[in-house]
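Those protein sequences? They're chains A and B, same order as listed. Letter by letter, the first sequence follows residues 1368 to 1665 of our numbering. Letter by letter, the second sequence follows residues 1368 to 1665 of our numbering. We put the CB at the ideal spot given by N, CA and C, even for glycine.
Number of protein chains: 2
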Amino acid sequence: MQVSGLWPPAATPFDSDLRVDAPALLAHCRALLDAGASGLAPLGTTSEANSLTLSERAGVLDALLEGGIAPGQLMPGTGACALGDAIDLSGRAVAAGCAGVLLLPPFFYKGVPDDGLHDYVSRVIGGVADDRLRVYLYHIPQMAGAGWSLPLIERLLSDFPGTVVGLKDSSGDWDNTRSIIEAFPGFAVFPASEAHLSDAIPLGAAGCISATANVNAAGIAALIETLRNGEDATALQAEATRQRGIVTSGPLIPGIKAVLAERSGAPGWARVRPPLVPMTVTEGRQLASRLTPEMAST
Amino acid sequence: MQVSGLWPPAATPFDSDLRVDAPALLAHCRALLDAGASGLAPLGTTSEANSLTLSERAGVLDALLEGGIAPGQLMPGTGACALGDAIDLSGRAVAAGCAGVLLLPPFFYKGVPDDGLHDYVSRVIGGVADDRLRVYLYHIPQMAGAGWSLPLIERLLSDFPGTVVGLKDSSGDWDNTRSIIEAFPGFAVFPASEAHLSDAIPLGAAGCISATANVNAAGIAALIETLRNGEDATALQAEATRQRGIVTSGPLIPGIKAVLAERSGAPGWARVRPPLVPMTVTEGRQLASRLTPEMAST
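Encoded structure:
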């Protein structure tokens, strides 16, 4: 299965005890697919995956699969500071037939050498020990304090051909995204921002894994589709970029969840786990009101 | 029990499969106590705790307790990105009678508000729900990307008196350490560096939790003891600082473990988990040779 198009990193709703609200998550994921997403990248940064225990993360994956989401439409985040956790979760994803895993580097130590990150990937692949594993590297250095450099990507592609197959670039550095797309033809690169898709898709980007897709899946999906068809996407790009600007004008994850709360009529959607702090109902209402009614309702 | 003096953050040895080598860890911990440490702060940064799964961390605690280390001499690191993990491990430590827990803030998200960190501490304390819990805040912003500000410490002391009782300052910023010691009399502050103990101990610091205590426990313990007795510690301070300079001249954790490998005659001690990279035997031998033979042999 070709992994391309829009794969939203689905936000994770919590109940009043801050437990994962699986039915609400499933409904959100279905709405994202209905709005035009090609697949889902749950358990990422926007999903507060690192604020979930290993068993909670496994529970999210199970809930989506049991809820009828096709495994081929899932690319869960499985990276962790502890090798054992990354192997466990990646193994579960592969066993379930997921399209791939989005692998965050270990993110506690800073300034770690590429050799250490190579060793980590090597041990995750060796630990999973399943030819069906497809690793998408998750590059978000401003959070992880570690990332996937071009020389390291080159080594990984050389050492694990057919297994390390793509990358999500959340660096916010379009020059970095472009360099990776240009350097590695056939490597599936997903910018985390829709703001540069008009440049990225024609250059060969596979698609987009954007936090703001949680509240603008239809707009971003239409943008990608139009660009792929070689049609004029000027207006769609401008509108997607404008929406993104509104959503990213405040705390990103609380803002996205507050908008989902306002739109769904379920105030609980606004909950976040510490260390994040939720937006107030008023803040969420104001944020939602600034987004156009044409946006996909989730 | 008074928590003060030297509490080394014991390094964690691994076997050839990178599993925790519990017998070697226990021997190392006993040697640190024999060398003059008042207690131990296992499962911290130097211990590569975040590179261990939750069950591996619990296993380390169990191994130390079953090996006969007194719980009153243990202050394990129990912080985690996931609230459930922090509650689980803190609860185990309290149930075992540990002197306290060293609580890292959630460390994936950056630039998080103090309100979110306060909520985290509040939920950990509420989740453990045991009056015996003693929380020592672990401040290492250069790794965690989040930390305990003075206003936040003040709020926590006010909201959780008798439970939030101390702090380890690994910021490397002596001005910050001094400010905390001066602002909160009776709050047990442990600088993570022995380099400023001649200032810190007379000012009221409780002791020291230093990575380099893994290879210089006797020297640092003697320095603390001398300072507490109000005696001249000029020579001891200079020597401890000099040793620290040697050990911190390269990668800290690989260096410490390489020295332990060289001294113990067990080359396996040099192993680290990714993303860290071990020193070579030659590098470890050179590093060890620069340390004085007067140092405590572990």
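Quick check on the burial criterion: 16 or more other C-beta atoms within 10 angstroms. Buried or exposed for residue i?
{"i": "B/Met1646", "result": "buried"}
{"i": "A/Leu1570", "result": "exposed"}
{"i": "B/Thr1649", "result": "exposed"}
{"i": "A/Asn1596", "result": "exposed"}
{"i": "B/Pro1390", "result": "exposed"}
{"i": "B/Pro1375", "result": "buried"}
{"i": "B/Asp1401", "result": "exposed"}
{"i": "B/Gly1512", "result": "buried"}
{"i": "A/Ser1383", "result": "exposed"}
{"i": "B/Ser1525", "result": "exposed"}
{"i": "A/Asp1498", "result": "exposed"}
{"i": "A/Arg1386", "result": "exposed"}
{"i": "A/Pro1642", "result": "buried"}
{"i": "B/Arg1545", "result": "buried"}
{"i": "B/Asp1452", "result": "buried"}
{"i": "A/Arg1640", "result": "buried"}
{"i": "B/Glu1561", "result": "buried"}
{"i": "B/Thr1659", "result": "exposed"}
{"i": "A/Asp1536", "result": "buried"}
{"i": "A/Asp1388", "result": "buried"}
{"i": "B/Pro1528", "result": "exposed"}
{"i": "A/Pro1508", "result": "buried"}
{"i": "A/Ala1496", "result": "exposed"}
{"i": "B/Ser1422", "result": "exposed"}
{"i": "A/Gly1622", "result": "buried"}
Within this structure, are the beta carbons of residue i and residue j separated by less than 8 angstroms?
{"i": "B/Gly1439", "j": "B/Gly1411", "result": "no"}
{"i": "A/Lys1477", "j": "B/Met1510", "result": "yes"}
{"i": "A/Ala1466", "j": "A/Lys1624", "result": "no"}
{"i": "B/Glu1629", "j": "B/Arg1652", "result": "yes"}
{"i": "B/Pro1332", "j": "B/Gly1514", "result": "Because chain B in this structure spans residues 1368 to 1665, residue 1332 of chain B falls outside the shown range and cannot be described."}
{"i": "A/Pro1558", "j": "A/Ala1578", "result": "no"}
{"i": "A/Gly1444", "j": "A/Ala1416", "result": "yes"}
{"i": "A/Leu1373", "j": "A/Cys1575", "result": "yes"}
{"i": "A/Pro1409", "j": "A/Gly1635", "result": "no"}
{"i": "A/Val1502", "j": "A/Leu1470", "result": "yes"}
{"i": "A/Ser1418", "j": "B/Cys1396", "result": "no"}
{"i": "A/Ile1568", "j": "A/Ile1591", "result": "yes"}
{"i": "A/His1563", "j": "A/Trp1541", "result": "yes"}
{"i": "B/Leu1654", "j": "B/Gly1617", "result": "yes"}
{"i": "A/Gly1494", "j": "A/Ile1454", "result": "yes"}
So residue i and residue j are supposed to be a Cβ contact under 8 angstroms. How far apart are they, rounded?
{"i": "A/Ala1404", "j": "A/Ala1580", "result": "7 angstroms"}
{"i": "B/Arg1490", "j": "B/Leu1450", "result": "6 angstroms"}
{"i": "A/Asn1583", "j": "A/Ala1607", "result": "7 angstroms"}
{"i": "B/Ala1555", "j": "B/Val1532", "result": "6 angstroms"}
{"i": "A/Ser1656", "j": "A/Gln1604", "result": "The pair is not a contact, with the Cβ atoms about 23 angstroms apart (cut-off 8 angstroms)."}
{"i": "B/His1485", "j": "B/Leu1534", "result": "In fact, because the Cβ distance is near 15 angstroms, the residues do not count as touching under 8 angstroms."}
{"i": "B/Leu1500", "j": "B/Ile1492", "result": "6 angstroms"}
Can you look up residue i in the DSSP assignment and give me helix, strand or coil?
{"i": "A/Pro1558", "result": "strand"}
{"i": "B/Asp1481", "result": "helix"}
{"i": "A/Asp1382", "result": "coil"}
{"i": "B/Gly1574", "result": "strand"}
{"i": "A/Gly1622", "result": "helix"}
{"i": "B/Asp1388", "result": "coil"}
{"i": "A/Gly1439", "result": "helix"}
{"i": "B/Leu1450", "result": "helix"}
{"i": "A/Gly1406", "result": "coil"}
{"i": "A/Gly1539", "result": "coil"}
{"i": "A/Gly1612", "result": "helix"}
{"i": "B/Val1582", "result": "helix"}
{"i": "B/Tyr1505", "result": "strand"}
{"i": "B/Val1370", "result": "coil"}
{"i": "A/Val1488", "result": "helix"}
{"i": "B/Val1648", "result": "helix"}
{"i": "A/Val1639", "result": "coil"}
{"i": "A/Thr1665", "result": "Reliability of the predicted coordinates at A/Thr1665 is poor, the pLDDT of 42 falling under 50, and the value obtained from them is presented with this limitation in mind. Here A/Thr1665 sits in coil by DSSP."}
{"i": "B/Pro1471", "result": "Here residue 1471 of chain B is Leu; the residue named in the question, Pro, does not match the sequence. Here B/Leu1471 sits in coil by DSSP."}
{"i": "A/Gly1512", "result": "coil"}
{"i": "B/Gly1617", "result": "coil"}
With 8 angstroms set as the bound, which would you pick, yes or no: does the beta-carbon of residue i sit closer than that to a beta-carbon of chain D?
{"i": "B/Gly1512", "result": "Looking at the structure shown, chain D is missing, and the protein chains on hand are A and B."}
Does the ligand MG have even one heavy atom less than 7 angstroms from the beta-carbon of residue i?
{"i": "A/Asp1540", "result": "No copy of the ligand MG occurs in the structure displayed, which carries no ligand at all."}
Margin query: Measuring CB atoms only, is the stretch 1478 to 1487 of chain A touching the stretch 1511 to 1519 of chain A, in the sense that at least three cross pairs come out at less than 8 angstroms?
Written below: For the pair of segments examined, the stretch 1478 to 1487 of chain A was found to touch the stretch 1511 to 1519 of chain A: the number of CB pairs separated by less than 8 angstroms reaches three.
Check: Within the chosen definition, does the stretch 1588 to 1595 of chain A reach the stretch 1425 to 1435 of chain A through at least 3 CB pairs nearer than 8 angstroms?
Finding: Pairwise C-beta distances place the stretch 1588 to 1595 of chain A out of contact with the stretch 1425 to 1435 of chain A, as fewer than three of them are shorter than 8 angstroms.
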